[in-house]
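Q: Using our numbering, read the sequence shown as starting at 1347 and increasing by one per residue.
No residue lacks a Cβ here, since even glycine has one placed at the ideal position from N, Cα and C.
Sharing a structure here in structure tokens format.
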Amino acid sequence: MTIPADPPTRCVTVVLFDGFELLDVFGPLEMFGVTGKFRITLLGPTAGPVASAQGPRADADSAYTDAPKPDILLVPGGIGTRSLVNDQAFLAWLADYGTSADYVTSVCTGSAVLAAAGLLDGYWATSNKRSFSWVCEQSSLVNWAPEARWVEDRNRWTSSGVAAGIDMTLAFIAHLHGDDLAYRVADGTEYDWHTNSTWDPFAAKNGLV
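Written out as structure tokens, the structure is:
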């Protein structure tokens, strides 16, 4: 589906890396894409194919070092985040790049990467509940919320695991363009949108509350 709209005014820039989680990226991008209000750019270590955790590759439009200034930065999770939080060169780049974004967002363990880069210092944030303890280890300067579908704190938006990124994205679309558009996107994609950011059965399932 496509919702008629004015020409896109904001760019969503996604940071890809080897071992990124497919739905963390393409769930949110489906929601952004059908609004007609966002341009999408994929970044990678180099321009070209980047392998997901599930195997399929996505083509990065440009390398990290050639990336245009981001309006909305999105960092996904995935098994690749386990090594990325120790990549000092990458974290230095991300720390610098992220400070120029109007909004910094993450899905799943992408918040661990943001935390390791210092981009969540002093903010409330959440993450995948199965990996929550490991994520919290990445920074003691973050106010980690153990029970939340997603967390909005000023211009930082972070979500719980995988599919929660879709709920966060719809809430983010509503934040920028109103509830009506977000509901139209959810209905048009036949997605059952959890609109309550505090709805989080997975926190209890994983012993966090």
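Determine the burial state of L1487: buried for a count of at least 16 other Cβ atoms within 10 Å of its Cβ, exposed for fewer.
A: The residue is exposed, with fewer than 16 neighbouring Cβ atoms inside 10 Å.
Q: Note the first and the last residue of the continuous beta strand (DSSP E) segment covering F1478.
A: Not the beta strand (DSSP E): F1478 falls in the alpha helix (DSSP H), residues 1478-1482.
Q: Spatial neighbours of L1430 within its chain, please: CB distance less than 7 Å, with the 5 preceding and 5 following residues excluded, ordered by chain position.
A: So the qualifying residues of the chain are F1363, F1436, V1459.
Q: Give the DSSP-derived three-state secondary structure of W1470 in the structure shown.
A: W1470: strand per DSSP, three-state reduction.
Q: Three or more C-beta pairs under 8 Å: does that hold for the stretch 1419-1426 against the stretch 1369-1384?
A: With a cut-off of 8 Å, the stretch 1369-1384 and the stretch 1419-1426 count as touching, because enough Cβ pairs lie within range.
Q: Quick one: grab the DSSP three-state call for R1500.
A: Note: R1500 maps to coil in three-state DSSP.
Q: How should P1414 be labelled, buried or exposed, when 16 other C-beta atoms within 10 angstroms of its C-beta is the threshold for buried?
A: Result: exposed.
Q: When the Cα atoms are used, what is the spatial distance from Y1449 to D1513?
A: So the two alpha carbons sit approximately 17 Å from each other.
Q: For L1465, tell me which candidate among F1478, L1440, T1535, W1480 has the shortest Cα-Cα distance.
A: Among F1478, L1440, T1535, W1480, the Cα nearest to that of L1465 is on L1440.
Q: Tell me which residues share the same chain as F1343 and place their Cβ nearer than 6 Å to its Cβ, disregarding the 5 neighbours each side in the sequence.
A: In this structure the chain extends from 1347 to 1555, so residue 1343 is not present and cannot be described.
Q: With respect to the alpha helix (DSSP H) encompassing R1597, which residues constitute its N-terminal and C-terminal limits?
A: Nothing in the structure corresponds to residue 1597, since the chain is present only between 1347 and 1555.
Q: Specify the secondary structure class of P1374 as computed by DSSP and reduced to three states.
A: Helix.
Q: Thinking C-beta only, is G1507 closer than 7 Å to N1474?
A: Going by C-beta atoms, N1474 is nearer than 7 Å to G1507.
Q: Which word fits T1515, buried or exposed, when buried means at least 16 other C-beta atoms lie within 10 angstroms of its C-beta?
A: Buried is the call here.
Q: Note down, one range per segment and in chain order, each alpha helix (DSSP H) of at least 4 residues found wholly within the stretch 1393-1453.
A: Within the stretch 1393-1453, the complete alpha helix (DSSP H) runs of at least 4 residues are 1427-1430, 1434-1444.
Q: Note down, in chain order, each residue of its chain lying with its Cβ closer than 6 Å to the Cβ of G1456, except the 5 sequence neighbours on either side.
A: Same-chain partners within the cutoff: V1421, P1422, G1423.
Q: Could you check if R1500 is buried or exposed, using at least 16 other CB atoms within 10 Å of its CB as the buried criterion?
A: Under this definition R1500 is an exposed residue.
Q: With DSSP as the reference, please indicate the residues paired to I1386 in a beta bridge.
A: According to DSSP, I1386 bridges with V1358.
Q: If L1471 sits next to T1504, beta carbons under 8 Å apart, how far is it from one beta carbon to the other, in whole angstroms?
A: At residue 1471 the sequence reads Ala, which differs from the Leu that was named. With 8 Å as the limit, A1471 and T1504 qualify as a contact, their Cβ atoms being about 4 Å apart.
Q: Under 7 Å between the Cβ atoms of G1511 and P1374?
A: Taking 7 Å as the Cβ cut-off, G1511 and P1374 qualify as a contacting pair.
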